[in-house]
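Numbering-wise, the sequence shown is residues 19 to 227 according to this note's numbering. We put the CB at the ideal spot given by N, CA and C, even for glycine. Keep in mind the model is a prediction, meaning the values are calculated, not measured. Here the structure comes first, spelled out in structure tokens, and everything after it is commentary.
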Amino acid sequence: MISLEFIFRIALVIIILLALTFIYWQLGQFIWARFTKRKRRTELLILGFIASTATLFLGSFFYVYHGFGHQPDIYRNGNRSSNMVAITFDDGPSLEFTPAILDILKEFEVPAAFFMVGSHVEKYPEIARRIADEGHEIGNHTNNHLNIPTLSTVAIHKEMMEATATITEVTGVYPSYTRPPRGMYDGRFRRLANLLGQEIVLWSLSTRD
19 MISLEFIFRI ALVIIILLAL TFIYWQLGQF IWARFTKRKR RTELLILGFI
69 ASTATLFLGS FFYVYHGFGH QPDIYRNGNR SSNMVAITFD DGPSLEFTPA
119 ILDILKEFEV PAAFFMVGSH VEKYPEIARR IADEGHEIGN HTNNHLNIPT
169 LSTVAIHKEM MEATATITEV TGVYPSYTRP PRGMYDGRFR RLANLLGQEI
219 VLWSLSTRD
């Protein structure tokens, strides 16, 4: 079911897109008029739409990797002066990939963090327990890997609480960290993470594999 919050956000994005398109279109006409008297309204309108779409894309990219405003509750990187990196894995446990990853980490004695999806933990409890038994950090990656901003407040609570309960029950470890799917979060997610005592951890570099 589509929530009112989601409809509001889609409407807001459309309004911003139209406003940016209009601004770029007017700017393009002004600049074009300085060099020639020929009108290119249709072409400039298309270019304005492309520019506004690119602006929204770059804005969302900046939002995920840098955020807006003061965000002391969100971690994107560690100490920049350190010669260490934090390795994290999302969306597991997976029957196909996670055991192989754990074998490599164990061979080289490398600790990592696994942000696990609750429904996957329920499906592969033995692998989830192995992650905990081998000393890796465990994080909450919601129950069904849904986009947080598109969900209702009730659905967000359900995603977070069910994942937390499943991970804790299966592994015996309460997840101290959480990561929103695709790095997309909002104020409701941040407040709930704080109530659950789970620190929000994003990333500074993604392999996108």
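Output needed for residue i: all residues of its chain with C-beta closer than 6 angstroms, excluding positions within five of it in sequence on either side, in chain order.
i, result
"Glu-140", "Thr-184"
"Ile-145", "Pro-111, Thr-116"
I need the straight-line Cα distance from residue i to residue j, nearest angstrom please.
i, j, result
"Pro-129", "Ile-64", "50 angstroms"
"Met-102", "Arg-226", "21 angstroms"
"Phe-53", "Arg-59", "15 angstroms"
"Ile-174", "Asn-212", "14 angstroms"
"Pro-199", "His-163", "6 angstroms"
"Phe-133", "Glu-61", "46 angstroms"
"Gly-157", "Gln-44", "48 angstroms"
Using DSSP with H/G/I as helix, E/B as strand and the rest coil, what is residue i?
i, result
"Met-179", "helix"
"Glu-61", "helix"
"Thr-225", "coil"
"Val-128", "coil"
"Val-191", "coil"
"Val-219", "strand"
Quick check on this structure: which residue in the options has the alpha carbon closest to the alpha carbon of residue i?
i, options, result
"Tyr-93", "Pro-199, Leu-214, Tyr-195, Ala-173", "Tyr-195"
"Ile-32", "Val-135, Glu-61, Phe-67", "Phe-67"
"Gly-136", "Ser-170, His-154, Glu-187", "Glu-187"
"Thr-73", "Tyr-42, Glu-125, Ser-222", "Tyr-42"
Below 7 angstroms CB to CB, which residues in the same chain sit around residue i once its five sequence neighbours on both sides are set aside?
i, result
"Gly-190", "Ala-150"
"Tyr-142", "Pro-111, Leu-113"
Considering residue i, what are the terminal residues of the alpha helix (DSSP H) in which it resides?
i, result
"Asn-158", "Counting along the chain, Asn-158 falls outside any alpha helix (DSSP H), though it belongs to the beta strand (DSSP E) covering 155-158."
"Val-139", "136-141"
"Leu-213", "205-214"
How far does the beta strand (DSSP E) with residue i in it reach, from first residue to last?
i, result
"Phe-107", "106-108"
Sorted by chain position, which residues of the same chain lie with C-beta nearer than 8 angstroms to residue i's C-beta, five sequence neighbours on each side aside?
i, result
"Phe-107", "Thr-116, Ile-119, Ala-130, Ala-131, Phe-132, Phe-133"
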